[in-house]
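*Asks:* One structure follows; several queries about it will come next.
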Amino acid sequence: MPELPEVETLCRQLQKMICGRKISASKVYDDKLAHIKNIRGKTVIGVERQGKMIDILLDDGMSILIHLRMTGRLLWHESADKPKHSRWKITFAGNNLFLVDPRRFATVKILKTVPCDPGRDIFKKFDLTNFIKSNGCRKTKVKILMMDQKALAGIGNIYACEILYRAGIHPERIAATLSEDEWEKIFGHAKEILKVAIKKRGTSISDWRDLFGLKGQNQHELKVYGQEGSLCLICGGKICRIKQGGRSTFYCPGCQK
Ligand SMILES: [Zn+2]
Numbered sequence: 184m185p186e187l188p189e190v191e192t193l194c195r196q197l198q199k200m201i202c203g204r205k206i207s208a209s210k211v212y213d214d215k216l217a218h219i220k221n222i223r224g225k226t227v228i229g230v231e232r233q234g235k236m237i238d239i240l241l242d243d244g245m246s247i248l249i250h251l252r253m254t255g256r257l258l259w260h261e262s263a264d265k266p267k268h269s270r271w272k273i274t275f276a277g278n279n280l281f282l283v284d285p286r287r288f289a290t291v292k293i294l295k296t297v298p299c300d301p302g303r304d305i306f307k308k309f310d311l312t313n314f315i316k317s318n319g320c321r322k323t324k325v326k327i328l329m330m331d332q333k334a335l336a337g338i339g340n341i342y343a344c345e346i347l348y349r350a351g352i353h354p355e356r357i358a359a360t361l362s363e364d365e366w367e368k369i370f371g372h373a374k375e376i377l378k379v380a381i382k383k384r385g386t387s388i389s390d391w392r393d394l395f396g397l398k399g400q401n402q403h404e405l406k407v408y409g410q411e412g413s414l415c416l417i418c419g420g421k422i423c424r425i426k427q428g429g430r431s432t433f434y435c436p437g438c439q440k
């Protein structure tokens, strides 16, 4: 599933391609998206990331809010033919933007533009003191908390594993047992890891492709995710995998306490 770096990559690429351009047509191929109406003739005035969602802002105060979920992709397509698994097409004077989504879980909402809560986003107005005040006494395991979109926007399984590994924090630690220093470490590494991932246009281990259909390069930066049985680059011990909330967590028992 696309996380913060992948969605940020798409938003930056979309900004360059569609900002200031008028929607000349919209065609829905999937009944699940039949509610997409009345966007023809409107101009895109901005593209912003809201957590893991893409917010396309229109000139009439409305937003197209896209959540890609499992296999959704946005694809900039120059030719007229329709890519396989297309669910929706928006046309900008000769250029087409397709929502391609084999498993059809992606959602699209057309609604009044609402500014997202920037306090939950570590690249916006995130404030560590506020975060600790609201979440620092929770009895939730730290990795589950980091993936809770109500607490923190944009972080999912891959980056939560990587961040906790670099911070040396065990994924099953209860949030309430973490010191301020440990939270600082987590968010310091989070910023660093996510910045690199944005620069590398995301992690392509399965479906992720950018707006132009290209793979990201951050999969070569992963130190622990998907590395069960490999040797830890820091201590030489074996990387382990456990299940947390139905997802695989990868960690090093030697380095993460
Ligand atoms: Zn280790």
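Numbering (our numbering), first residue to last: 184 to 440.
Note that CB positions come from ideal geometry on N, CA and C, so glycine has one too.
Here the structure is a predicted model, which is why all the values come from computation and not from measurement.
Which term fits Ile357, buried or exposed, when burial requires 16 or more other beta carbons within 10 angstroms of its beta carbon?
*Replies:* Exposed, because fewer than 16 other Cβ atoms sit within 10 Å of the Cβ of Ile357.
*Asks:* According to the neighbour-count rule (16 or more other Cβ atoms, all chains shown, within 10 Å of its Cβ), is Glu345 buried or exposed?
*Replies:* Buried, since its Cβ has 16 or more Cβ neighbours within 10 Å.
*Asks:* Would you say the beta carbon of Gly420 is closer than 6 angstroms to some non-hydrogen atom of ligand 1?
*Replies:* Yes.
*Asks:* Below 8 angstroms on the Cβ atoms is my contact criterion, and I expect Ile228 with Leu241 to pass it. Report the Cβ-Cβ distance as a whole number of Å.
*Replies:* The Cβ separation is near 7 angstroms, so the contact holds.
*Asks:* Is there contact between the region 216-230 and the region 284-298, where contact requires at least three CB pairs shorter than 8 angstroms?
*Replies:* Short answer: they touch.
*Asks:* Pull up the distance between the alpha-carbon of Met236 and that of Arg287, whole angstroms please.
*Replies:* Each residue's Cα considered, the two are about 16 angstroms apart.
*Asks:* Using a Cβ-Cβ cutoff of less than 8 angstroms, which residues in the same chain neighbour Gln198 once the five nearest sequence positions on both sides are dropped?
*Replies:* Taken in chain order, the residues that qualify are Gly229 and Val230.
*Asks:* Based on DSSP bridge pairs, tell me the residues matched to Glu231.
*Replies:* DSSP lists Asp238 as partners of Glu231.
*Asks:* Please classify Phe281 as buried or exposed, where buried requires at least 16 neighbouring CB atoms within 10 angstroms.
*Replies:* Counting Cβ neighbours within 10 Å, Phe281 comes out buried, since at least 16 surround it.
*Asks:* Along the chain, where does the beta strand (DSSP E) that runs through His250 open and close?
*Replies:* Note, His250: beta strand (DSSP E), Met245 to His250.
*Asks:* By a C-beta neighbour count over all protein chains shown, 10 Å radius and 16 as the cutoff for buried, is His260 buried or exposed?
*Replies:* Buried: at least 16 other Cβ atoms inside 10 Å.
*Asks:* DSSP beta-bridge partners for Tyr434?
*Replies:* Cys423, per the DSSP bridge assignment.
*Asks:* Is the distance from the Cβ of Pro188 to the Cβ of Ala334 below 7 angstroms?
*Replies:* Going by C-beta atoms, Pro188 is not nearer than 7 angstroms to Ala334.
*Asks:* Under the rule that 16 or more other beta-carbon atoms within 10 Å means buried, what is Val297, buried or exposed?
*Replies:* Flag for Val297 reads exposed.
*Asks:* Which same chain residues, not among the five before or five after Pro354, have their C-beta less than 6 angstroms away from its C-beta?
*Replies:* For Pro354, where only same-chain residues beyond five positions count, the Cβ hits under 6 angstroms are Lys326, Leu347, Thr432 and Tyr434.
*Asks:* Can you name, in chain order, every residue of its own chain whose Cβ lies under 7 angstroms from the Cβ of Pro301, other than the five neighbours on each side?
*Replies:* The residues are Lys307 and Lys308.
*Asks:* Whole angstroms is fine: what's the gap from Cys320's alpha carbon to Thr312's?
*Replies:* Cα to Cα, the separation comes out at about 13 angstroms.
*Asks:* Quick one: what does DSSP say Leu397 is sitting in, helix, strand or coil?
*Replies:* DSSP places Leu397 in coil when its eight states are reduced to three.
*Asks:* Tell me which same chain residues have a C-beta within less than 7 angstroms of the C-beta of Leu328, skipping the five on either side of it?
*Replies:* Only Asn318, Arg321, Ala334 and Ala358 meet the Cβ criterion.
*Asks:* If I measure Cβ to Cβ from Cys418 and keep anything under 6 angstroms in the same chain, skipping five residues before and after, which residues do I get?
*Replies:* The residues are Gly437 and Cys438.
*Asks:* Strictly by DSSP, which residues pair up with Phe314?
*Replies:* In the DSSP output, where bridge partners are listed per residue, Phe314 has none listed.
*Asks:* Going by beta-carbon coordinates alone, are Gly396 and Leu258 separated by less than 7 angstroms?
*Replies:* Yes, the pair counts as a contact, with Cβ atoms nearer than the cut-off.
*Asks:* So is Gly255 buried or exposed if we call it buried at 16+ other beta carbons inside 10 Å?
*Replies:* Per the 10 Å Cβ criterion, buried.
*Asks:* Going by Cα to Cα distance, which pick from Ser209, Lys421, Glu363 and Lys406 is closest to Gly277?
*Replies:* Ranking the options by Cα distance to Gly277, first place goes to Ser209.
*Asks:* Could you check if Asp364 is buried or exposed, using at least 16 other CB atoms within 10 Å of its CB as the buried criterion?
*Replies:* Exposed.
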